[in-house]
Amino acid sequence: DSGVTQTPKHLITATGQRVTLRCSPRSGDLSVYWYQQSLDQGLQFLIQYYNGEERAKGNILERFSAQQFPDLHSELNLSSLELGDSALYFCASSGGTGAGTEAFFGQGTRLTVV
Amino acid sequence: DAKTTQPPSMDCAEGRAANLPCNHSTISGNEYVYWYRQIHSQGPQYIIHGLKNNETNEMASLIITEDRKSSTLILPHATLRDTAVYYCIVRKINFGNEKLTFGTGTRLTIIP
Chain A
1 DSGVTQTPKH LITATGQRVT LRCSPRSGDL SVYWYQQSLD QGLQFLIQYY
51 NGEERAKGNI LERFSAQQFP DLHSELNLSS LELGDSALYF CASSGGTGAG
101 TEAFFGQGTR LTVV
Chain B
1 DAKTTQPPSM DCAEGRAANL PCNHSTISGN EYVYWYRQIH SQGPQYIIHG
51 LKNNETNEMA SLIITEDRKS STLILPHATL RDTAVYYCIV RKINFGNEKL
101 TFGTGTRLTI IP
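Keeping their order, the protein sequence lines are chains A and B. Just so it is clear: in the first sequence, position 20 is 20 by the numbering used here, and no numbers are missing. Just so it is clear: in the second sequence, position 97 is 97 by the numbering used here, and no numbers are missing.
The structure is reproduced here in structure tokens:
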């Protein structure tokens, strides 16, 4: 158990809909990262937040947005969903005070758009 | 971030040491070498990281060449559960920690 919790584990929704994926980082970790992994594809970095502020942005679509709340949990919002958005979405956290720099990943949310 | 080059696939017999190479010839002085693995579609799992000294933990050893242009991850006694995709990543360590940029990795298959 990495200590990073993602909910829900599975999500099936229709095209055009909007969904929210949630990530609870390890206790004390300040950085949260979101990744997308499509079928048989690599892990694509989407976005990073550090202590509530956006720190880095990857190839995240305009239809996607994220935020990190004061309690440090993060949400990834995906809107106007398309079939091609079907993927595994992983969240990772790192950077707790006094902790190492390793990033630990959750078990992911499998999104299926039908 | 510096890029890495890994063989796309490797096989290793169960019980033997698995040695996974990684080239990172453009690594800069403030970049660390990280190794992660992904078993099936699970979340990537941290294995080990280092800057220039060799490192060992309960999972693996990391050997970094003196010029830091390449490294080798060693799984000392591979088991079937070590079958996974292994990623070598170079990453700056700054305040707030940089993102991890994953390449295509090495698909390691442990043969019974």
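Every residue gets a Cβ at the ideal spot worked out from N, C-alpha and C, and that includes glycine.
For the region 7 to 19 of chain B, the set of residues with a beta-carbon nearer than 8 Å to any beta-carbon of chain A is empty. In this structure, Leu-21 (chain A) places its C-beta atom within 7 Å of the C-beta atom of Leu-76 (chain A). Residue B:Ala-84 holds the alpha-carbon nearest to the alpha-carbon of Met-10 (chain B) among B:Lys-92, B:Ala-84, B:Lys-99.
The secondary-structure analysis by DSSP pairs Ile-27 (chain B) with nothing; it has no beta-bridge partner.
Separation of Arg-68 (chain B) and Val-33 (chain B) (C-alpha to C-alpha, rounded to the nearest whole angstrom) is 9 Å.
The beta-carbon separation of Tyr-86 (chain B) and Thr-106 (chain B), rounded to 5 Å, stays under the 8 Å limit for a contact. In terms of beta-carbon proximity, Tyr-89 (chain A) stays away from the interface with chain B, with every pair separated by 7 Å or more.
Using a Cβ-Cβ cut-off of 7 Å, Gln-41 (chain A) does not count as an interface residue toward chain B, since no Cβ of chain B sits closer than that to its own. By the Cβ neighbour-count rule, Lys-99 (chain B) is buried, with 16 or more other Cβ atoms within 10 Å of its own. Cβ contact annotation for Gly-108 (chain A) (same chain, cutoff 7 Å, sequence separation greater than five): Gln-6, Leu-88, Tyr-89, Phe-90, in chain order. Burial state of Val-114 (chain A) is exposed, judged by a 10 Å Cβ sphere holding fewer than 16 other Cβ atoms. Closer than 7 Å to the CB of Phe-69 (chain A) there is not a single CB belonging to chain B. Excluding its 5 nearest sequence neighbours in each direction, Ser-65 (chain A) has C-beta neighbours in its own chain below 6 Å: Asn-77, listed in chain order.
Uninterrupted beta strand (DSSP E) stretches at least 3 residues long and entirely within the region 7 to 44 of chain A occur at 10 to 13, 19 to 24, 31 to 37, given in chain order. In the displayed model, Gly-52 (chain A) falls within coil according to three-state DSSP, outside both helix and strand. Closest in C-alpha terms to Leu-11 (chain A), from the list A:Thr-101, A:Gly-95, A:Ser-86, comes A:Ser-86. When 8 Å is used as the limit between beta carbons, Ser-41 (chain B) is near these residues of chain A: Gln-37, Leu-88, Gly-108, Arg-110, in chain order. For the region 41 to 75 of chain B, the beta-carbon criterion of a distance under 8 Å to any beta-carbon of chain A is satisfied by Ser-41, Gln-42, Gly-43, Pro-44, Gln-45, Tyr-46, His-49. The beta-carbon of Phe-64 (chain A) is placed no less than 7 Å from the nearest beta-carbon of chain B. Leu-80 (chain B) sits in a helix when the DSSP states are folded into three classes. Your pair Glu-31 (chain B) and Val-90 (chain B) checks out as a contact, with CB atoms roughly 5 Å apart and the cut at 8 Å. For Gln-48 (chain A), the residues of chain B that pass the 7 Å Cβ criterion are Lys-99, in the order they occur in the chain.
Exclusion of the five residues before and after Ser-79 (chain A) leaves Arg-18, Arg-63 as the residues of its chain whose Cβ lies within less than 7 Å of its Cβ.
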